[in-house]
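K.L.:
All residue numbers for the sequence shown refer to my numbering, where the first residue is 24 and numbers rise by one.
From the three backbone atoms N, C-alpha and C, an ideal C-beta is built for every residue, glycine too.
Note that this is a predicted model, so its numbers are computed, not measured.
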Amino acid sequence: MIEAMIRDIPDFPQPGIVFKDITPLLADGPSFTAVVAALASGHGPVDKVAGIEARGFILAAPVACKLGAGFVPVRK
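1. Which first and last residues belong to the beta strand (DSSP E) in which isoleucine 32 is found?
2. Thinking just about the alpha-carbon of each residue, which of Ser54, Ile81, Leu90, Ile40 is nearest to the one in valine 97?
3. Between the alpha carbons of alanine 92 and isoleucine 32, how many angstroms are there, rounded?
4. Helix or strand or just coil, what does DSSP make of valine 97?
5. Grouping DSSP H, G and I as helix and E and B as strand, with all else coil, what is glycine 74?
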């Protein structure tokens, strides 16, 4: 189910690279909810969840909410 929501964009941003487009997954409420639940499961209590750069921000913030933890955006 989840893998089918991720599109491959070949040769982006340069030849030989396959970009994984997660926007269809983010646009589908049940799939996005399932991913957040899976990422949040199996962890003990945490104080903070760090999200690295753009896609990390998108996924880590709702995981932090689900865990009742704070969110820390990490940039280069």
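P.N.:
Walking through what the data contain:
1. 30 to 33
2. Ile81
3. 34 Å
4. strand
5. strand
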